[in-house]
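Below is one structure, written out as structure tokens, with a few remarks after it.
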Amino acid sequence: MAKYQCPDCEYIYNETTGEPHEGFPPSTLWADVPDSWSCPDCAVRDKPDFRLIEGSAVAEKVVIKPAAQPTAAKKKIPVKKATLGKVESVSDDKGPLRKWVCITCDHIYDEALGDEAEGFPPGMRFEDIPEDWCCPDCGATKDDYTVLEDK
Amino acid sequence: MNTTTQALGPLTPYVDKKRYLWPLAVFWPLAPMVGIWLVYQTGIELFYAAVLVFWYGVIPLLDTMFGEDTSNPPEEAVPSLENDRYYRFLVYLTVPMHYITLVVSAWWIGTHDISWYGFLLLTLSVGALNGLALNTGHELGHKKDRFDRWMAKIVLASVGYGHFFIEHNKGHHRDVATPADPATSRMGESIYTFSKRELPGAFRRGWDLEAVRLERCGKSPWSLDNEVLQPAIITVALYAVLLALYGPLMLIFLPLQAAFAWWQLTSANFIEHYGLLRQKKPDGRYEHQTPYHSWNSNHIMSNLMLFHLQRHSDHHAHPTRSYQSLRDFKGLPTLPSGYPGMFFMALFPGWFRSVMDKRVVEWADGDLDKIQIHEGCREQYEQQFGHKKAA
Numbered sequence: 000m001a002k003y004q005c006p007d008c009e010y011i012y013n014e015t016t017g018e019p020h021e022g023f024p025p026s027t028l029w030a031d032v033p034d035s036w037s038c039p040d041c042a043v044r045d046k047p048d049f050r051l052i053e054g055s056a057v058a059e060k061v062v063i064k065p066a067a068q069p070t071a072a073k074k075k076i077p078v079k080k081a082t083l084g085k086v087e088s089v090s091d092d093k094g095p096l097r098k099w100v101c102i103t104c105d106h107i108y109d110e111a112l113g114d115e116a117e118g119f120p121p122g123m124r125f126e127d128i129p130e131d132w133c134c135p136d137c138g139a140t141k142d143d144y145t146v147l148e149d150k
Numbered sequence: 000m001n002t003t004t005q006a007l008g009p010l011t012p013y014v015d016k017k018r019y020l021w022p023l024a025v026f027w028p029l030a031p032m033v034g035i036w037l038v039y040q041t042g043i044e045l046f047y048a049a050v051l052v053f054w055y056g057v058i059p060l061l062d063t064m065f066g067e068d069t070s071n072p073p074e075e076a077v078p079s080l081e082n083d084r085y086y087r088f089l090v091y092l093t094v095p096m097h098y099i100t101l102v103v104s105a106w107w108i109g110t111h112d113i114s115w116y117g118f119l120l121l122t123l124s125v126g127a128l129n130g131l132a133l134n135t136g137h138e139l140g141h142k143k144d145r146f147d148r149w150m151a152k153i154v155l156a157s158v159g160y161g162h163f164f165i166e167h168n169k170g171h172h173r174d175v176a177t178p179a180d181p182a183t184s185r186m187g188e189s190i191y192t193f194s195k196r197e198l199p200g201a202f203r204r205g206w207d208l209e210a211v212r213l214e215r216c217g218k219s220p221w222s223l224d225n226e227v228l229q230p231a232i233i234t235v236a237l238y239a240v241l242l243a244l245y246g247p248l249m250l251i252f253l254p255l256q257a258a259f260a261w262w263q264l265t266s267a268n269f270i271e272h273y274g275l276l277r278q279k280k281p282d283g284r285y286e287h288q289t290p291y292h293s294w295n296s297n298h299i300m301s302n303l304m305l306f307h308l309q310r311h312s313d314h315h316a317h318p319t320r321s322y323q324s325l326r327d328f329k330g331l332p333t334l335p336s337g338y339p340g341m342f343f344m345a346l347f348p349g350w351f352r353s354v355m356d357k358r359v360v361e362w363a364d365g366d367l368d369k370i371q372i373h374e375g376c377r378e379q380y381e382q383q384f385g386h387k388k389a390a
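Each protein sequence line maps, in turn, to chains A and B. Take 0 as the starting number for the first sequence in numbering that gives the first Met the number 0 and just add one per residue. Take 0 as the starting number for the second sequence in numbering that gives the first Met the number 0 and just add one per residue.
This is the structure in structure tokens:
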């Protein structure tokens, strides 16, 4: 059973407990939550925006076979089993490089990659970025970035 | 934590300059009673209009006088600001204020001689200020606690607009600045045209969203779990009691004050996203709600009376942030005045358009394709602003 988190308001969807108020009884799999479903707390992020924070993503769906096939009208078929790929982490003599996320628009500054368009070479530390730099996507200030924790 | 503080030397703790000014928003909804008191003292019924003059006239002047406050709480102070119960307590305290204003005004009308115009002015005053019940309900409805959400339903019930709690949080925030949103106005649209789309559209969306949720829960839309019906039941009960106590004049007073309260919300919706449009991404979804999809205002006076509602840009980007933590950002689309001034301006479509249309075009870098334009106005705008496609 996995947990998924809204990247904006930190609401957590837990497959174990489901979200009965929204009509998802306990042990409703994430895969069975409709894609159009919005975060019940902030509504500004939808299911595809959520992040897996615990457990593994099991895409199991109840698939209804076409009526042409007479055997077993309903059957649980494991469609695919996937875990989210871990993000590469690069180390240098100053310790591990980190990723920073803009709390306004989720833009990520990855120290390992730098940002060529902004003129920051790979390996450039977030602390070395000028204080008056703004998020290239939404214009938020440098203060609006927080460290993105990798698990 | 402490070690870093020591290493950096003593840090000055953040002091919220507005902390002890927020009670303005708590007690301002009682203002119609000041009007009643003035009439009681002088016998001049024009004093019932004091609130209306203050709301539409004096506050815009004070906004001009006191100007804007662009200061933000530092991000490290936000968790303690969010957890400071004082701020939330003020919003709770505002809930009974709306009820006091409604009941006292109903009592006054039901038990005193009042001329037709005195009645009208008092009713509109109550409507203007209980329109702020929607603001109070708005702040509470966005919170995650069950208690807060119930308080939201209770305060919204005082003006019979309980569906706002669903419609706004799950509908307007999801669809904002897209053509699908009945609560986003289009450039060239007048507030009067907009209201005919917004009022029924909002109700329908609120009801439909609840029906979908209840269906997933295996319940009927007429079940008592329907969060649109719950506050509606409170409204019916409350208004029935007032009718029984204060007689047939309530049949005019209650619907009229409610309608004018709804008009305040319509005004807010009208100015908050006028013309703004989110672009569709290649995968068919709209780009995320960023601060650039709402008109912002930092006017200090009206912000204090509205629990920072006018810091609307940050609110739409992060709807669950509390009022005390809302921030300003650089380069936001900005309103030239606070909400009360803009509400007044919106009543005169020509004036409003002459002030706002050029700001919308500037926001879109002159690309009319990036703007939501009211049906039939496109050609006129192409002539007025030229049609420049952004590279």
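Ideal Cβ placement from N, Cα and C applies to all residues, glycine included.
- Query: Any C-beta of chain A sitting closer than 7 Å to the C-beta of A76/B?
  - Reply: To locate residue 76/B, count along the second sequence from 1; it is residue 77. With 7 Å as the cut-off, A76/B does not count as an interface residue toward chain A.
- Message: If I follow the unbroken beta strand (DSSP E) through D109/A, where does it start and stop?
- Response: Here residue 109/A refers to the residue found at position 110 of the first sequence. First-last of the beta strand (DSSP E) with D109/A: I107 to D109.
- Query: From I113/B, L89/B, S79/B and S124/B, pick the residue whose C-alpha is nearest to that of T100/B; which is it?
  - Reply: As a working note, residue 100/B is residue 101 in the second sequence. Of I113/B, L89/B, S79/B and S124/B, the residue nearest in Cα terms is S124/B.
- With DSSP as the reference, label M0/A as helix, strand or coil. Reading the first sequence from its first residue, position 1 is the one you call residue 0/A. Correct three-state label for M0/A: coil.
- Query: Roughly how many whole angstroms lie between the Cα atoms of F49/A and D7/A?
  - Reply: As a first step, residue 49/A is located in the first sequence; it is residue number 50 there, counting from the start. As a first step, residue 7/A is located in the first sequence; it is residue number 8 there, counting from the start. For F49/A and D7/A, the distance between alpha carbons rounds to 9 Å.
- Where the beta strand (DSSP E) through Y144/A begins and ends: Locating residue 144/A in the first sequence gives position 145, counting from the first residue. Where Y144/A is concerned, the enclosing beta strand (DSSP E) stretches over Y144 to L147.
- 6 Å Cβ shell around V360/B - same chain, five flanking residues per side excluded: Locating residue 360/B in the second sequence gives position 361, where the first residue counts as 1. Closer than 6 Å at the Cβ level, and outside the excluded window around V360/B, lie F384.
- Message: With H, G and I counted as helix, E and B as strand and the rest as coil, what does DSSP make of D45/A?
- Response: Position 46 of the first sequence holds residue 45/A. Three-state DSSP puts D45/A in a strand.
- Message: Beta-carbon within less than 8 Å of L208/B's beta-carbon, same chain only, minus the 5 sequence neighbours each way: which residues are those?
- Response: Here residue 208/B refers to the residue found at position 209 of the second sequence. Contacts found: I165, E166, K169 and G170.
- From T319/B to Y380/B, what does the alpha carbon distance come to, in whole angstroms? The sequence position of residue 319/B within the second sequence is 320, counting from 1. The sequence position of residue 380/B within the second sequence is 381, counting from 1. C-alpha of T319/B to C-alpha of Y380/B: approximately 37 Å in a straight line.
- Of all Cβ atoms in chain B, is any one closer than 7 Å to the Cβ of D142/A? Working through the first sequence from its first residue, we reach residue 142/A at position 143. By this cut-off, D142/A is an interface position.
- Query: Based on the DSSP secondary-structure assignment, which residues constitute the bridge partners of V100/A?
  - Reply: Here the question's residue 100/A lines up with position 101 in the first sequence. According to DSSP, V100/A bridges with I107/A and T145/A.
- Got a sec: is the Cβ-Cβ distance from C134/A to anything in chain B below 7 Å? Here residue 134/A is taken as the residue at index 135 of the first sequence, counted from 1. No, no contact with chain B.
- Message: Does V235/B pass the burial test, meaning 16 or more other C-beta atoms within 10 Å, or should it be called exposed?
- Response: As a first step, residue 235/B is located in the second sequence; it is residue number 236 there, counting from the start. Counting Cβ neighbours within 10 Å, V235/B comes out exposed, since fewer than 16 surround it.
- Item | Contacting residues, own chain, Cβ-Cβ under 8 Å from C104/A (five flanking each side not counted) | Within the first sequence, the letter at position 105 stands for residue 104/A. Setting aside the 5 residues that flank it on each side, C104/A is surrounded in the same chain by C134, D136, C137 and A139, each with a C-beta closer than 8 Å to its C-beta; the list follows chain order.
- Message: Judging by CA-CA distance, which residue of L133/B, A316/B and K143/B is the nearest neighbour of L155/B?
- Response: As a working note, residue 155/B is residue 156 in the second sequence. The candidate whose alpha carbon is nearest that of L155/B is L133/B.
- Tell me whether M341/B sits in a helix, a strand or coil according to DSSP, three-state version. Here the question's residue 341/B lines up with position 342 in the second sequence. Here M341/B sits in helix by DSSP.
- Message: DSSP three-state label for L331/B, please.
- Response: Here residue 331/B refers to the residue found at position 332 when the second sequence is read from its first residue. L331/B falls in the coil class under three-state DSSP.
- Message: Quick check on A42/A - is its C-beta less than 7 Å from some C-beta in chain B?
- Response: Mapped onto the first sequence, residue 42/A falls at position 43. Yes, contact with chain B.
- Message: Tell me which residues of the segment 286 to 301 of chain B have at least one Cβ-Cβ distance to chain A shorter than 8 Å, keeping chain order.
- Response: H287, Q288, T289, P290 and Y291
- Query: Helix, strand or coil: how does DSSP classify P28/B here?
  - Reply: By one-based count along the second sequence, residue 28/B stands at place 29. Reduced to three states, the DSSP call for P28/B is helix.
- Taking Cβ positions only, does T93/B come closer than 7 Å to chain A? Counting from 1 along the second sequence, the entry for residue 93/B is found at position 94. No, T93/B lies away from the interface with chain A (no Cβ there is under 7 Å from its Cβ).
- Query: Can you find a C-beta in chain A that's less than 7 Å from the C-beta of G375/B?
  - Reply: In the second sequence, counting from the first residue as 1, residue 375/B sits at position 376. Answer no: the Cβ-Cβ gap between G375/B and chain A never drops below 7 Å.
- Query: Going by alpha carbons, who is nearest to A179/B out of R277/B, G117/B, A105/B and D112/B?
  - Reply: By one-based count along the second sequence, residue 179/B stands at place 180. Minimum Cα distance to A179/B is reached at R277/B.
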